[in-house]
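So the sequences go chain by chain: R and F.
According to my numbering, the first sequence is numbered sequentially starting from 336.
According to my numbering, the second sequence is numbered sequentially starting from 1370.
Cβ atoms here follow ideal geometry from the backbone N, Cα and C, with glycine treated the same way.
Since we're looking at a predicted model, the values are computed, not measured.
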Amino acid sequence: MVDVANVVAAADDEGVLEFDGLRLESPENGENKGYVLETPSSEPATLEPDALRDTLESVYRFVTNWHYWQERVGGEGTARRAFLRWCERAPVAGREHAPGSDASEPLSVPDRDDALRDGIDREWGQLCITARYLDVDRPDGERVYDLWHVDDAGTDVSDLEVYDDPRDAREIATTDDDGRYRPLKTAPTLPSGWAFTGLSGDELVDAVDFFYPATVANWHRERLGDLDVDHWLETARRQTGIYDVIDELPRDAVEWMAEACCVDSQCLRRREWQYADDDELAVDGGEGAFPCREPCSLVVAAARKWAILESESERTYELELTTSEFNQLAELIDAVAEGRTDEIREADVNDGANRYRARYLRAKRFDGDELEARARSEDDR
Amino acid sequence: MQALVIAAHGSHLNPDASDPTYAHADTVRETGAFDEVREAFWKEEPHFREVIRTLESEEVFVVPLFISEGYFTEQVIPRELRLEAWDPEKWDSDGTSATEVTLEVGDADKTVHYCGPVGTHDAMTDVIVGRAERVTGESDVGEGFGLAVVGHGTERNENSAKAIEYHTERIRDRDRFDEVKALFMDEQPEVDDVTDYFESDDVVVVPLFVADGYHTQEDIPEDMGLTEDFRLGWDVPTEVDGHRIWYAGAVGTEELMADVVLERAADAGAELGNAAEVVRDGAAVEMTTRADREPTTSEPGD
């Protein structure tokens, strides 16, 4: 139970206490004969201490809401607090930037009080977060948080591997469902089948930070309008050592690179960086909840490869292919690019990216381990 | 509030590269000495670039989990952390003596105490000796044994070899092992010829590397002749040219490394209470209860 005397003491300290619609002015603040109490559903009333106590009991959910956010969570102005407020649809400073985000109005204290009994769900990349009251029968404002994969939303928790230490998120996020290493934490390949239940607010933020590092901090900065975006040229030019070459990547290639690596199907961060401050890339940045503020280390490493490859000059090759074989090359590239080679059925020889079809093409058109072709000399061009 | 950031290389290809970083960060977390502890990486996330903003603390101690002063500690980490007015001269180091410099950062209202790398701290000497104790299973290993401290070495950066030689000298001064030598992968004297450099029948080989990976689990074991093929593994010890080679694997995986991280932060002014003592005692207990001699194999890193 939260003692309503706490909120009275806080009002005495502050003169006027105002939080999420609750307003309590102490007599020490002005010339009032008593405490002035106001909520969105009640007119200001001047009350003696005893009557105040009774009236506060009648707006107890405002009191517990104040207690949870001001006494338990604290951290005024921090990303942690803003994120936890967002989780239960409470008013949060700043504004949402994600185009795909739910722009619905924040919930009032009574609405949240009702909703927290069942739980309020939010999605953060592939994470589903539920904020709920710890004690539903006699809520004292204390929230706990559950965290699982969006794909498991309909799965009974008893069928999931349950964790309670946020650090376990590092292990879960290390490999995908096929056991392959995930160097990019925000790739849409987070494995499912696990759940964290009953986390405290701090633990929830820690877990989210292990799954998607720095996303909360950058989302918060973006909300407040001070996300420091480093565009491609800025990031490329500050590189040294083996990455010194990446600022030589042609502008077209940067466009292709963003299309290859930075779209929603490959990364859940919403790309906010452009080629340069006044030079936007044409490819769509995505709809993710959290922003990408500069090319990541994977993009930088891949850019090095492309910078080296793009330094080669183009040549014209002559080779013999049937029309179907030419089309098959496109099918093969597309299947690899879309990551669907594992889905092609063993005997589906109608699919150009079927393994037997590829092996046949290799048997027919390769000379040794190279495609049989004649490069025209530079003079012929 | 004070925070600790352990800055490590990480890998795009090898998921094990960050294991020691996580392990040491967790050890520090459990002491409760810092309000916040973060791992940060060059090749993983959170990236150096974005770690400072994830902290609420005003005082941040950054300890590079690197072996020597050089490209990463002098250029990459300060640049990516946006350390304002950083200049390697501010460390006033002879190549192994960097301790700390206090700077502001460009993207947050915080003070960063940028520490020297773990590899050159005096406490690292104890970790190397501890590693030798672990691999031999003898808490007083020394008499009748030679010790090789192995570094990457590179002609490009003389500090790389200096760190190895520094600890080699300090261990030699203790008169504990019959012989102590510094050996390298990429320069003379080379680790390939380890048996040429020792008279002792038993030689403990401790690579001064942060994480196990391509070099410590493939290159060095094969080059020393411990195994034909790293995938087949090797025995500890392995008989090579009439010597018994006790190969320890990367020193960076040693539990006591967390103590070196704490010592670096303490030297920079972090208030730690008895955390370092707790970590040292914990590592000592762990040492006597674990007889882990089997090397693990890992995939090539980048």
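Rank the options by C-alpha distance to the C-alpha of residue i and give the top, closest one.
{"i": "R:Glu-645", "options": "R:Val-580, R:Arg-628, R:Phe-354 and R:Glu-594", "result": "R:Val-580"}
{"i": "F:Val-1445", "options": "F:Ala-1377, F:Thr-1537, F:Pro-1576 and F:Leu-1641", "result": "F:Ala-1377"}
{"i": "F:Ala-1409", "options": "R:Asn-685, R:Ser-632, R:His-484 and R:Ala-642", "result": "R:Ser-632"}
{"i": "R:Ala-611", "options": "R:Pro-626, R:Phe-531, R:Gln-574 and R:Glu-569", "result": "R:Glu-569"}
{"i": "F:Gly-1618", "options": "F:Leu-1595, F:Thr-1465 and F:Glu-1453", "result": "F:Leu-1595"}
{"i": "F:Asp-1476", "options": "F:Glu-1427, F:Val-1609, F:Ile-1614 and F:Ser-1380", "result": "F:Glu-1427"}
{"i": "R:Ala-346", "options": "R:Arg-358, R:Arg-572 and R:His-555", "result": "R:Arg-358"}
{"i": "R:Leu-387", "options": "R:Glu-681, R:Tyr-370 and R:Gly-356", "result": "R:Tyr-370"}
{"i": "F:Pro-1576", "options": "F:His-1521, F:Asp-1598, F:Ile-1540 and F:Asn-1383", "result": "F:His-1521"}
{"i": "R:Glu-383", "options": "R:Ser-361, R:Ile-507 and R:Glu-660", "result": "R:Ser-361"}
{"i": "R:His-432", "options": "R:Trp-421, R:Phe-625 and R:Gln-609", "result": "R:Phe-625"}
{"i": "R:Arg-690", "options": "R:Glu-666, R:Asp-541, R:Leu-706 and R:Val-635", "result": "R:Glu-666"}
{"i": "R:Val-497", "options": "R:Leu-469, R:Ser-527, R:Gly-621 and R:Gly-576", "result": "R:Ser-527"}
{"i": "F:Glu-1413", "options": "F:Ser-1437, F:Arg-1525, F:Asn-1383 and F:Thr-1423", "result": "F:Asn-1383"}
{"i": "F:Ile-1497", "options": "F:Gly-1602, F:Val-1420, F:Ile-1533 and F:Trp-1411", "result": "F:Ile-1533"}
{"i": "R:Gly-620", "options": "R:Ser-600, R:Thr-399 and R:Asp-472", "result": "R:Ser-600"}
{"i": "F:Pro-1558", "options": "F:Pro-1457, F:Glu-1524, F:Thr-1489 and F:Ala-1454", "result": "F:Glu-1524"}
{"i": "F:Glu-1646", "options": "F:Ala-1402, F:Ile-1421 and F:His-1416", "result": "F:Ala-1402"}
{"i": "R:Ala-542", "options": "R:Pro-501, R:Ser-712, R:Arg-694 and R:Cys-463", "result": "R:Pro-501"}
{"i": "F:Phe-1417", "options": "F:Thr-1442, F:Leu-1625, F:Glu-1449 and F:Arg-1545", "result": "F:Glu-1449"}
Taking Cβ-Cβ distances shorter than 7 Å, what residues in chain F pair up with residue i?
{"i": "R:Arg-502", "result": "Asp-1395"}
{"i": "R:Arg-605", "result": "The contacting residues do not exist; R:Arg-605 stays about 15 Å from chain F at best."}
{"i": "R:Gly-620", "result": "The contacting residues do not exist; R:Gly-620 stays about 18 Å from chain F at best."}
{"i": "R:Asp-544", "result": "Thr-1423"}
At a CB-CB cut-off below 8 Å, which residues of chain R make contact with residue i?
{"i": "F:Asp-1478", "result": "Going along chain R, no residue has its Cβ under 8 Å from F:Asp-1478, so there is no contact; the nearest lies around 11 Å."}
{"i": "F:Glu-1524", "result": "Within 8 Å Cβ-Cβ: nothing; F:Glu-1524 doesn't reach chain R, min ~16 Å."}
{"i": "F:Trp-1411", "result": "Ser-632"}
Short check: CB of residue i to CB of residue j, under 8 Å?
{"i": "R:Leu-442", "j": "R:Ala-466", "result": "no"}
{"i": "F:Ala-1492", "j": "F:Val-1406", "result": "no"}
{"i": "F:Val-1560", "j": "F:Met-1593", "result": "yes"}
{"i": "F:Leu-1631", "j": "F:Val-1397", "result": "yes"}
{"i": "R:Asp-565", "j": "R:Glu-629", "result": "yes"}
{"i": "F:Ala-1517", "j": "F:Val-1572", "result": "yes"}
{"i": "F:Gly-1439", "j": "F:Ser-1529", "result": "yes"}
{"i": "F:Val-1432", "j": "F:Ala-1634", "result": "yes"}
{"i": "R:Cys-627", "j": "R:Arg-650", "result": "no"}
{"i": "F:Pro-1389", "j": "F:Thr-1564", "result": "no"}
{"i": "R:Tyr-547", "j": "R:Lys-520", "result": "yes"}
{"i": "F:Asp-1404", "j": "F:Ala-1372", "result": "yes"}
{"i": "F:Ile-1672", "j": "F:Thr-1494", "result": "Given that chain F is displayed from residue 1370 to residue 1671, the structure contains no residue 1672 of chain F and the question cannot be resolved."}
{"i": "F:Glu-1591", "j": "R:Gly-410", "result": "no"}
{"i": "R:Asn-445", "j": "R:Arg-396", "result": "The amino acid at residue 445 of chain R is misidentified as Asn; the sequence shows Pro. Yes; because the gap between Cβ atoms is below 8 Å, this pair is in contact."}
{"i": "R:Phe-418", "j": "R:Leu-482", "result": "no"}
{"i": "F:Phe-1546", "j": "F:His-1612", "result": "no"}
Closer than 7 Å by beta-carbon distance: list the chain R residues that pair up with residue i, in chain order.
{"i": "F:Pro-1415", "result": "Pro-548 and Ala-549"}
Taking C-beta pairs closer than 9 Å, name the residues in chain R that residue i reaches, listed in chain order.
{"i": "F:Lys-1531", "result": "Within chain R, no residue comes near F:Lys-1531; the closest Cβ sits about 20 Å away, beyond 9 Å."}
{"i": "F:Glu-1419", "result": "Pro-548, Ala-549, Ala-552, Asn-553, Arg-628 and Glu-629"}
Under the criterion of a Cβ to heavy atom distance below 7 Å, does residue i qualify as lining the ligand ADP?
{"i": "R:Leu-382", "result": "The ligand ADP is absent from the structure shown, which contains no ligand whatsoever."}
Which bits of chain F does residue i rub up against, with CB to CB less than 8 Å?
{"i": "R:Thr-510", "result": "Pro-1384"}
{"i": "R:Gly-410", "result": "Glu-1425"}
{"i": "R:Arg-505", "result": "Tyr-1391"}
{"i": "R:Thr-413", "result": "Glu-1425"}
Complete beta strand (DSSP E) runs within the segment 1405-1479 of chain F (minimum length 3 residues, chain order)
1405-1410, 1428-1433 and 1469-1473
Would you list, in sequence order, the uninterrupted alpha helix (DSSP H) runs of no fewer than 4 residues that lie entirely inside the segment 423-453 of chain R?
444-453
Using a Cβ-Cβ cut-off of less than 7 Å, give me the residues of the segment 1385-1409 of chain F that come near chain R, in sequence order.
Tyr-1391 and Asp-1395
What residues from the segment 1421-1453 of chain F come within 7 Å of chain R, judged by C-beta to C-beta, listed N to C?
Arg-1422, Thr-1423, Glu-1425, Tyr-1440, Gln-1444 and Arg-1448
Could you run through the segment 564-586 of chain R and flag, in chain order, every residue whose CB is less than 7 Å away from some CB of chain F?
Arg-573, Thr-575 and Gly-576
If you measure beta-carbon to beta-carbon, which residues of the segment 513-530 of chain R are closer than 7 Å to chain F?
Tyr-516, Pro-518 and Lys-520
Which runs of the beta strand (DSSP E), 3 residues or longer, sit entirely within the segment 337-362 of chain R?
351-354 and 357-360
Completely contained alpha helix (DSSP H) runs for the segment 566-626 of chain R, where each covers 4 or more residues
567-572 and 586-596
Quick check for students: name the residue ranges of the beta strand (DSSP E) that lie wholly in the segment 477-543 of chain R, counting only runs of 3 or more.
478-484, 496-498 and 529-534
Every unbroken beta strand (DSSP E) inside the segment 1601-1627 of chain F [3 residues or more]:
1607-1609 and 1612-1616
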